[in-house]
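> Mind having a look at this structure? Questions to follow.
Numbering (our numbering), first residue to last: -9 to 84.
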């Protein structure tokens, strides 16, 4: 799944609010109450909200800056966007 990380203070919904649940001690996940699509992951100590890019109205307006969690990628996806900086965890920008 591809995610875009928005600064927490600049993220908001323009329409209905999602259904949110705690999935671990440090993470809340939100999903569409109608179709079940995962919308975002909210890590308690992160400065960003990680949004599933497929849920955005204007996903083509997003510019990729980093590849994160590359060590956890499925072998099928190795080398994807290989011209971008690669990180095994969160982006150093967060």
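We put the CB at the ideal spot given by N, CA and C, even for glycine.
What residues are listed by DSSP as bridge partners for residue -7?
In the chain shown, counting from the first residue as 1, residue -7 sits at position 3. In DSSP, residue -7 forms a bridge with 42.
> Below 8 Å, how does it come out for the stretch -6 to 11 and the stretch 37 to 56: are there three or more Cβ pairs, yes or no?
Output reads yes: the stretch 37 to 56 touches the stretch -6 to 11.
> Take every Cβ of the stretch 51 to 66, pair it with every Cβ of the stretch 76 to 84, and state whether three or more of those distances are shorter than 8 Å.
Segments in contact, yes.
> Would you give the residue range spanned by the beta strand (DSSP E) that residue 29 belongs to?
For the purposes of this step, residue 29 is taken as residue 39 along the chain shown, with counting starting at 1. Element bounds for residue 29: 28 to 33.
> Would you mind giving the Cβ-Cβ distance between residue 45 and residue 29, rounded to the nearest angstrom? I have them listed as a contact below 8 Å.
In the chain shown, residue 45 corresponds to position 55, counting from 1. In the chain shown, residue 29 corresponds to position 39, counting from 1. Confirmed, Cβ separation roughly 5 Å.
> What residue from 22, 31, 17 has the CA that sits closest to residue -9's CA?
Walking along the chain shown from the start, residue -9 turns up at place 1. Answer by Cα proximity: 31.
> For residue 20, count the other beta carbons within 10 Å of its own beta carbon; 16 or more makes it buried, fewer makes it exposed. Which is it?
Here residue 20 corresponds to residue number 30 of the chain shown, with the count starting at 1. Buried is the call here.
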